[in-house]
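**Q** So the sequence shown is residues 987 to 1242, counted in the numbering used here. Sharing a structure below in structure tokens format, with a few things to ask.
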Amino acid sequence: MSLPTLNDTPARHRIERLRHEIRRRELTVTAREQLSPRMLRFTLSSPDLHDFLSAGVDDHVKLFFDTPEGPVMRDFTPRAYDNAACTLVLDFALHDHGPAADWARKAQVGSVLSIGGPRGSLVVTDDFDWYLLIADSTGLPSIGRRLESLRESVPVTTLVLLDSADDAQAIATRADWTPHWLARDAGEGDDATRLLAALRALEWPQGDGYVWIAAEAGVAKALRAHVLEERGHYPQWMRAAGYWLKGEAGAHETLG
Ligand SMILES: Cc1cc2nc3c(=O)[nH]c(=O)nc-3n(C[C@H](O)[C@H](O)[C@H](O)COP(=O)(O)OP(=O)(O)OC[C@H]3O[C@@H](n4cnc5c(N)ncnc54)[C@H](O)[C@@H]3O)c2cc1C
């Protein structure tokens, strides 16, 4: 199928980019929760969070880590925040090794973490007829935030690839949520093959839909190509990002 002819249809929905002043904040861990075998949740506190702002559900903050090779930064989603309580919640999908994953494994109440941002936000007005959210576990924090914020009864389908089914999450939402959890340890094929097969099997709903994709960069590219080329979806009504790159430390890619 070819791309839809560009007309003014995509302008029916308001998607706004906001810029914020970058601030660096020093935070202290005040709670650590093992959400599931491969997902750790930290609540971090600091009086500096009284004016923290994250306007988009797929915003990111930079986390700063000191390593033997020097300082490095990693992107993480503000899963939740509370200005009055001066807290920020971050969820870490644990993988084998890296400064962020290593910090999360070791951090305890009292550990400190330096963050910067968010520098910008993409704010999607919640007036689409349906939502389709596709990710691996690194995109689950943003999916959780979006599910919590979507309006009552709006259909939302999630397709999330986890290491194992034990990492599935219960998320409170008013939306009409259909979750599909895929587990790497149950089934054949690599991430792209598994997610593409599940995506192909989905019935595409009627009406205007917003599609969001976050996964390993090569996987996100393959999913994005399917949505645009095989489903003929408007590029303006989707966002795809490589949240990490196989074999490369600290890498990510915005695909549009
Ligand atoms: C906008 C944005 C928001 C993000 N939000 C979150 C979030 O809220 N929670 C979260 O957990 N992650 C999130 N990520 C992904 C996270 O930034 C990356 O996984 C990051 O590489 C982890 O850093 P690290 O120091 O642990 O590993 P790195 O030092 O970056 O990587 C070390 C090695 O591990 C591999 N690797 C990195 N991540 C993974 C993974 N998830 N699974 C398997 N192998 C991996 C790399 O390819 C590399 O070979 C987000 C990314 C972006 C771009």
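In this text, a Cβ means the ideal position worked out from N, Cα and C, and glycines have one as well.
Taking DSSP as the reference, what is the three-state secondary structure of residue 1061?
**A** Strand.
**Q** Do you know offhand how far residue 1081's Cα is from residue 1229's?
**A** Each residue's alpha carbon lies about 13 Å from the other.
**Q** Expressed to the nearest angstrom, what Euclidean distance is found between the alpha-carbon atoms of residue 1264 and residue 1145?
**A** For the chain, the structure presents residues 987 to 1242; residue 1264 sits outside this window and is missing.
**Q** Would you mind stating whether residue 1042 and residue 1126 have Cβ atoms separated by less than 8 Å?
**A** Not a contact, by the Cβ cut-off of 8 Å.
**Q** Any idea if residue 1203 is buried or exposed, counting beta-carbon neighbours within 10 angstroms, 16 or more meaning buried?
**A** So residue 1203 counts as buried.
**Q** Run through the stretch 1173-1218 for me and flag every whole beta strand (DSSP E) of 3 or more residues, listed as ranges in chain order.
**A** Correct list: 1195-1202.
**Q** Who does residue 1117 pair with in a DSSP beta bridge?
**A** Answer by DSSP bridge pairing, in chain order: 1142, 1196.
**Q** Please name the residue in 1239, 1190, 1162, 1164 whose C-alpha comes closest to that of residue 1200.
**A** Cα-wise, what sits closest to residue 1200 is 1239.
**Q** Could you check which residue in 1148, 1182, 1189, 1174 has the C-alpha nearest to that of residue 1164?
**A** Nearest C-alpha to residue 1164: 1189.
**Q** Could you name the residues that DSSP lists as bridge partners for residue 1067?
**A** DSSP lists 1074 as partners of residue 1067.
**Q** May I have the straight-line CA-CA distance separating residue 1092 from residue 1174, to the nearest angstrom?
**A** Roughly 33 Å between the two C-alpha positions.
**Q** Looking at residue 1177 and residue 1223, is the spacing between their C-beta atoms short of 8 Å?
**A** No; because the gap between Cβ atoms is not below 8 Å, this pair is not in contact.
**Q** Is the beta carbon of residue 1180 closer than 8 Å to that of residue 1209?
**A** No, these two residues do not count as a Cβ contact at 8 Å.
**Q** Please find out if some non-hydrogen atom of ligand 1 comes closer than 7 Å to the beta-carbon of residue 1060.
**A** Result yes, Cβ under 7 Å from ligand 1.
**Q** Starting from residue 1241, follow the alpha helix (DSSP H) in both directions and report where the run begins and ends.
**A** Premise fails: residue 1241 is in no alpha helix (DSSP H) and is neither H nor E.
**Q** Take the Cβ of residue 978 as the centre, count every other Cβ of all protein chains shown within 10 Å, and call the residue buried at 16 or more, exposed below.
**A** Residue numbering for the chain in the displayed model covers 987 to 1242; residue 978 lies beyond these limits and cannot be assessed.
**Q** Kindly indicate which three-state DSSP category residue 1035 falls into: helix, strand or coil?
**A** It is helical.
**Q** I need the boundaries of the beta strand (DSSP E) containing residue 1052, first residue and last residue.
**A** Counting along the chain, the beta strand (DSSP E) containing residue 1052 begins and ends at 1047-1053.
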